[in-house]
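S.K.: I am attaching a structure below and will ask some questions about it afterwards.
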């Protein structure tokens, strides 16, 4: 019934999980993990795009900016906080994607 446990309730996260539960995956936990991992991947992509844009505007060659941004995004993806939050169904990956 899409109720939330407490304020702020993370309405986007709740709606994404609800939509994922409609997929024929069989296991609700698997659907939640897919949402969390896709959100974390989106956060990594957003981080890379932001860093590449900033480096290009700073005068770095486009190919070097993309390479450096890829390293930054990979480092962000391997960070303990993001890595641990994608091992369970948590809102942190979605929040990281929205912040970036």
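Numbering (the numbering used here), first residue to last: -9 to 90.
Glycine residues also receive a C-beta, built at the ideal position from the N, C-alpha and C atoms.
The structure presented is a predicted model; accordingly, all values stated were derived computationally and were not measured.
Could you check whether residue 79 and residue 19 sit closer than 9 Å to each other, using their CB atoms as the reference points?
M.R.: Going by C-beta atoms, residue 19 is nearer than 9 Å to residue 79.
S.K.: Quick one: what does DSSP say residue 60 is sitting in, helix, strand or coil?
M.R.: The answer is helix: DSSP assigns residue 60 an H, G or I state.
S.K.: Using the three-state DSSP reduction, which class does residue 19 fall into: helix, strand or coil?
M.R.: Residue 19 falls in the helix class under three-state DSSP.
S.K.: Specify, as a first and last residue, the run of the alpha helix (DSSP H) that residue 70 falls within.
M.R.: Per DSSP, residue 70 belongs to the alpha helix (DSSP H) from 70 to 75.
S.K.: Between the region 27 to 40 and the region 56 to 65, do at least 3 Cβ pairs fall closer than 8 Å?
M.R.: Because the criterion of three Cβ pairs below 8 Å is met, the region 27 to 40 and the region 56 to 65 touch.
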